[in-house]
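Quick notes on the structure that follows.
2 protein chains.
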Amino acid sequence: MNKKRVYLFGNKKADGNGTMRELLGGKGANLAEMNLLGMPVPPGFTITTDVCTEYFEVGKDAVVAMIKAEVEAAMKATELAVDGPKFGDAENPLLVSVRSGARASMPGMMDTILNLGMNDQAVEVIAKRSNNPRFAWDSYRRFVQMYGDVVLGMKPVKKEDEDPFEVIIHHMKEQRGVTLDTELTTEDLKELVALFKAAVKENTGLDFPDDPWQQLWGAICAVFDSWMNERAILYRKLNKIPAEWGTAVNVQSMVFGNMGDNSATGVAFTRDAATGEDIFNGEYLINAQGEDVVAGIRTPQQITIEGSRRWAAAQGISEEERVAKYPSLEETMPAAFQELNTIQENLENHNRDMQDIEFTIQDGKLWMLQTRNGKRTGAAMVRIAMEMVRQGMLTEQEAVMRIEPEKLDELLHPVFKKAALSAAKPITKGLPASPGAATGRIVFFAEDAEAWAERGEKTILVRIETSPEDLKGMLSAQGIMTARGGMTSHAAVVARGMGKCCVSAANSVIIDYKARTLSVDGLTLKEGDWLSLDGSTGFVYAGGIETQAPELSGDFGELMAMADKYARLKVRTNADTPRDAAVARQFGATGIGLTRTEHMFFDGDKIIAMRQMILAKDEEGRREALKKLLPLQRDDFYGIFKAMHDLPVTVRLLDPPLHEFVPHDEKGQKEMADVMGVTVSEVKERVESLIEQNPMLGHRGCRLGNTYPEITEMQTRAILSAALDLKAEGIKTYPEIMIPLIGNVLEFNAQKAVIKATADALFAERNDSIEYKVGTMIEIPRAALTANQIAESAEFFSFGTNDLTQMTFGYSRDDVASFLPIYLEKGILKNDPFAVLDQVGVGQLVNMATQNGRSVNPNLKCGICGEHGGEPSSVEFCHRVGLNYVSCSPFRVPIARLAAAQAALR
Amino acid sequence: MNKKRVYLFGNKKADGNGTMRELLGGKGANLAEMNLLGMPVPPGFTITTDVCTEYFEVGKDAVVAMIKAEVEAAMKATELAVDGPKFGDAENPLLVSVRSGARASMPGMMDTILNLGMNDQAVEVIAKRSNNPRFAWDSYRRFVQMYGDVVLGMKPVKKEDEDPFEVIIHHMKEQRGVTLDTELTTEDLKELVALFKAAVKENTGLDFPDDPWQQLWGAICAVFDSWMNERAILYRKLNKIPAEWGTAVNVQSMVFGNMGDNSATGVAFTRDAATGEDIFNGEYLINAQGEDVVAGIRTPQQITIEGSRRWAAAQGISEEERVAKYPSLEETMPAAFQELNTIQENLENHNRDMQDIEFTIQDGKLWMLQTRNGKRTGAAMVRIAMEMVRQGMLTEQEAVMRIEPEKLDELLHPVFKKAALSAAKPITKGLPASPGAATGRIVFFAEDAEAWAERGEKTILVRIETSPEDLKGMLSAQGIMTARGGMTSHAAVVARGMGKCCVSAANSVIIDYKARTLSVDGLTLKEGDWLSLDGSTGFVYAGGIETQAPELSGDFGELMAMADKYARLKVRTNADTPRDAAVARQFGATGIGLTRTEHMFFDGDKIIAMRQMILAKDEEGRREALKKLLPLQRDDFYGIFKAMHDLPVTVRLLDPPLHEFVPHDEKGQKEMADVMGVTVSEVKERVESLIEQNPMLGHRGCRLGNTYPEITEMQTRAILSAALDLKAEGIKTYPEIMIPLIGNVLEFNAQKAVIKATADALFAERNDSIEYKVGTMIEIPRAALTANQIAESAEFFSFGTNDLTQMTFGYSRDDVASFLPIYLEKGILKNDPFAVLDQVGVGQLVNMATQNGRSVNPNLKCGICGEHGGEPSSVEFCHRVGLNYVSCSPFRVPIARLAAAQAALR
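If you read the sequences in order, they're chains V and Y. So that you can map any letter, position 276 of the first sequence is 396 in the numbering used here, and since no number is skipped, the others follow by simple counting. So that you can map any letter, position 293 of the second sequence is 413 in the numbering used here, and since no number is skipped, the others follow by simple counting.
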């Protein structure tokens, strides 16, 4: 038995239905479904997505031969359904549209050919039958242009090149002295058709096809070809759509909204796509064809009276003027409107989601051309989902599953005002390292950002790359732009933690610190010039752009609470300050999964004591400096523990290579020499001795604690003293001490012994004690490979997937910009592994370590504290392998909570 | 039933035997065995190694209580066997020795207490019975000193502190105006005993124990305690001896070689320990106790007449003088000698190995005190093994297993002349990065090493660290010393490849390039001063030390051929030049497992073209430079393939980060600017843009080939052109193209496609073709984790365990010196993982990748080309996991061949 390759629809009957998106594409499935729902849809047929796959397997000719009989039969059935015109008929020709239809709409693919079947004979017949020659010739002209552009490949590849047909129209309008297309006469249109056909001949060497069947096969094949064009491939890559899905082709009898004043065409939404409000809304044009609505030549009118009134009020148009010039469809064609309104309600109820619909009214009769789930803003997404729950249209679980976690980000960060943005043109693009919009004046140095902020100036901190020393400046700036680094560079990680906008890896920008300028493509900006960043897209704009703050609705809170009901995975936060901890708590974090102690050392006097510790010649010198650091560190922990009272706080012991803390400039070295009473050259020598070839793989993490155990002692004492002090105040704390960069169980045991001895001594001194846990980061491949050994003495594992990704891939996150973009472009990598957890490689280690660790220690608590902890697909992975929690930046907490719920429901 | 804890021996009977080394220790087992062989051994007993383990489990008192009855019974049996004196008897006291006896002899442990049982009563009786009061008091004096030092802990911990007993002796000799101990009178010795006992009282607060049983238990416990002393623990760590082995204690009745001129003591070897010659040899002293032979106060005499004559000839002593002053034992005590000679023959035949024996002659009667397998030089090891095969004493397999692979190294490299070395004192110690000895004049720059070598000067190249630019200088120098880097730093790896002596990580050396000096601990040496390096120990000496070249005997070749018969694992070499390839071939390499192409680029004009390629702005510029490189690279490969004709050669495509090739100095940048016709600042900017934070994890390996495929094209063309040219000359080649740093199968596939396309084009051009393979390094953890994917398209895997170790541990081999020594010292690491493959972590990945790779590609050829390929325990691991070959530096090839054979036989 032959496989069915062509599916009919029309007259409230259809071979397919709405569940068959995979085979018929979204558009085809919905056209079938609308028929089955008894809605008026122009008859036609859908060629399946399987045929597209076959097309690339066996080639064009074989596929055409394979489906020829079925397509011809389907056309016969369509003719029967429209009852009158016939495809290619001399007396009463049937015109059709040809549209692509993948499972999801995809830019870059051939979209639509209208009026197919038109030729020199047909145009005359249609002119006569419609009694509207201009309509007939305009349809012909449009068809030749669309077909020439899309099917015959005359649309220029580069955007800046002009469409050859537009050049011809432009030339004619100049000759005629007119400005609008509509001012061209029927004779002009006839001449245009002739000129267009000559252009086709000149460009392609071929005559324009007059035969409707030849036209049809050309269009069908062009749809398939467009599935493999560059833009479509790129889009699929970006949106993770497999090439095997293929596209369907929809061939549908034409209806005309441009047959006179009793005809119209329009688009509508069943709810407001911007706000989510439950109100039917949309736009239409009388006597127009689909493309005119979006072309912007005429002002589209609102569909409902209420919508029309709101629109007029916003435009400052009086009710009188509105009724006269811009009446709603509800007013101009009440019958058609009522039918449409009933249909839209039915469609939303049937699909249980906000619908985006297209319709045409031909001679007073409503035809539905398309329905699909409508795109919406993050705010609308939340409101629609929650209202549908309240309206009983969705279960809570369904509502949770409907939310796109990444879209919540929009709700949490400032954005550019739409109007302000539309006037701006980006000067370059980097990586969208930390979302939100920021605008301010350019500074190149962290201390300037601080100083300018003190006098009330908004700044954008522009750096080649940032380092921990820039921390306070980053906090003072509105946003950060770096020329180097990737999605997990210092700037990116820290900015995300702060919820601050950051664009990283703006490779084409050249920064001159001396001249205090940045230049890009010939444009030079200097300190103090305004700059704007979109950290959600990576675009950088010269000049200031007005931003607006996010607003969190009650729906948002309800949604989050609902999500938590279904999630198994807990969500903690990465926070280094009481401020971050408080923000994360507001966003629903159930503890801190990672407090990095190193950032604390850059604050005030601490850096001096810290440097003294590092530059000390021996243990005695280090102990002296550590004595100064102890009370300061204790205060840090006191603040964080207090903000996170009653919840667990994981504190990571000192992790980065020491050279990150020491002064590399003459001035700083002089200062340290004075403080320490040694010569500048001694300081310099020590600083130089700390330089490493590959600091990421150097003397850091527990290697510091194991070579200088006195650091671990000090930090343990600071952590537990703070906890004891809070206990005395009646505040509960749950400190978890985390040892970084373990690769060998003996490293862990040695550090644990130091911690335990210090704790025991402290508890004895204070005659009081507190429960605490000692665990480890799993961030070195060898730790994952020997997890069964480490879990025998560790109480928890926290996967540091940033470092684990670095070492599993052998990628330095600071240097990856030189090849990662090319890898993504060539498809060697599907995702940036620093943004989306690599489940096959890195994930294998995470899974292995979790299972092996629990095999010897069933109570082992496992979590993740890399940047992946806030990325939905990675959160789902964490759920699947059975982790206990994920930990992420404060501003990613809601996203992770939702992703955790979805993972549990999936 | 009680476990037996004490084993008797004496009068040709014994509870134990020679196979019971684990329980009785080496010494105890051999004493038992010699009894069973009917040899004269002073009776005694052995307390087992199990008791030592119990000692550390249950404590001293419990253990003493546990074995008291058994020890007392054993002492009774011993008294019975010696038939006369009794332990602690007033009339005829039995003296005993107490010696430790682990499975292998271990420095740092308590070795020997002689004359135990001596006290104020016993000394008088013995003086009377022996009619030799001086002997009796000397024995007493010695006992108090030994017991005080070892059992009572008075031996100073630091070497530079003086032994309190020696201070007393020294003081007395000064008072008496004598220089030799033997010049002290009996009265002096009596006074010494009194002074010694007073010193004990002063030091320990306790009276010296007079009770023989108290003495005995003290000595037994001291042996056990010494098992856990610091030096013993360190030694066990270095030699991988588990603490659980424990030590036995041997208590044996004393015999005296110092009872007069008919008594003697000596040590002997059944073959020559230096050369391996099959000749009985050794030294003895008349009227002496064991320790006198080694004390160097009197000149020991030779045992055989032949040995004595050879010795005299070497010393320029006439036969008359020899016979008068230094007669052999064969001459002085012919009967005892004959008995000894028979015993030594029997011992060697029985143990089937060269024996190191100790004996004492008391009053004309021979007593055997010890026999064990003798230590020997590498040359002796080979000769003895091969001669024993020819003599029918060993099978071939046994002979192969007898060889210590690492010891072969001695045979392959120059060494210091012994006499010259004894006068030299090391000024510092680094890592023994590449074995052999070297002496020469200090230079600090590679170009100086070249220039000085041209005028015939021997040099030592001293650098903070080396880089590929130093290659030619390294080749010109006798040896290389670096202040930084580890066992797999650039200098170490390259030097080992060259077979050139290198000491790396000489941390305490401060190098001043500007002043051209190095200083260490206050000593400053300047350019041109002589320096000597021992790359096998890491010692560095000021001044020149004469070296001697290695000599390879016929036995060596036979041994190697014999080993190959039993090995399954093939041994290839890492070689980058025809010279290296030829050396390795001589050493028996069966192909090249790794040719690094990057070293080639530093030669002559190539570096200019290479730099031009790197500094080029675009693909076109790169292609132009690559065109210049192509013929030069082709010549490189031509030479290597020719040297390795008929054997496979694996060529790794360009691997290191590009910044390693570009000029970082003004002069070099100027030169490139001139060559390329651009400004110096353009060159500088490009050079700076190549700087990476962590170059090891940066833009290198296949990331270069995937971003600049034209490099891969050029190298493929060069490789295959060279092979085709050789084919035309009738020379067979088997090129294997290896893609480095793969972490993702798509990276591999993309490079393989480039290689295949280039090969197809070349073969078409030349109208000829050649077989070649395309495979990959597995050196990124992710490659090992996804080996099942990669093996679907790769034809071979070569484990790059250097990089795999770096990334699995997260250790930069260039920076590891800051913590690795401390980790080794603290026992956090048992071995340097760059020297000895970490089987648990890195090995797990190697095993996983091999099994998973072969599961999809059963013919997958797997090898290892990291530095571990020449390390015996790592070679054994490679055999166990089923690799096809190991590849190592040319000079490690014999070691690897032997290790491969041993692994197969084990």
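Glycine is no exception: its CB is placed at the ideal position from the N, C-alpha and C atoms. Note that the structure is a prediction, hence the values are computed from the model and not measured.
Assigned exposure category for residue i - 16 Cβ within 10 Å defines buried
i	result
Val126/V	buried
Met121/V	With a pLDDT of 47 at Met121/V, under the threshold of 50, the modelled position of that residue is not reliable, and no figure is offered here.
Pro362/Y	exposed
Pro555/V	buried
Glu885/V	exposed
Glu786/V	exposed
Gly148/Y	buried
Thr878/Y	buried
Gln422/V	buried
Lys196/Y	exposed
Limits of the unbroken alpha helix (DSSP H) element including residue i
i	result
Glu294/Y	Pro284 to Arg296
Phe997/Y	Pro992 to Arg1000
Lys690/Y	No alpha helix (DSSP H) contains Lys690/Y, which is instead part of the beta strand (DSSP E) from Lys690 to Asn694.
Leu866/Y	Val865 to Arg886
Tyr686/V	Gly674 to Tyr686
Leu581/Y	That residue, Leu581/Y, is in no alpha helix (DSSP H); its beta strand (DSSP E) goes Thr579 to Arg583.
Where the beta strand (DSSP E) through residue i begins and ends
i	result
Trp487/Y	Lys485 to Asn493
Tyr127/V	Val126 to Gly130
Val509/V	Not the beta strand (DSSP E): Val509/V falls in the alpha helix (DSSP H), residues Gly498 to Arg510.
Counterpart residues of residue i in DSSP-defined beta bridges
i	result
Arg772/V	Arg716/V and Met858/V
Leu405/Y	Thr385/Y
Ile898/Y	Phe919/Y
Phe722/Y	Per DSSP, none; premise fails for Phe722/Y.
Glu478/Y	Val387/Y and Gln490/Y
Partner residues on chain V for residue i, Cβ-Cβ distance less than 7 Å
i	result
His819/Y	Asp935, Ser938 and Phe939
Glu867/Y	Ile948
Under 9 Å by beta carbon: chain A residues contacting residue i
i	result
Phe929/V	The question asks about chain A, but that chain is absent: this structure's protein chains are V and Y.
Partner residues on chain V for residue i, Cβ-Cβ distance less than 9 Å
i	result
Ser639/Y	Within chain V, no residue comes near Ser639/Y; the closest Cβ sits about 13 Å away, beyond 9 Å.
Leu74/Y	This structure gives no information on residue 74/Y, because the portion of chain Y shown stretches from 121 to 1026.
Chain V residues whose Cβ lies nearer than 8 Å to that of residue i
i	result
Ala870/Y	Lys946 and Ile948
Sequence ranges, alpha helix (DSSP H) only - wholly within the stretch 591-659 of chain Y, length at least 4: 591-596 and 610-618
Complete runs of the alpha helix (DSSP H) confined to the stretch 177-242 of chain V [at least 4 residues]: 180-202
Runs of beta strand (DSSP E) wholly within the stretch 357-402 of chain V (minimum 3 residues, chain order): 368-373 and 384-389
In chain order, each beta strand (DSSP E) run of at least 3 residues that lies wholly inside the stretch 513-560 of chain Y: 546-549 and 551-554
Within the stretch 913-952 of chain V, ranges of the beta strand (DSSP E) (whole runs, at least 3 residues): 916-919
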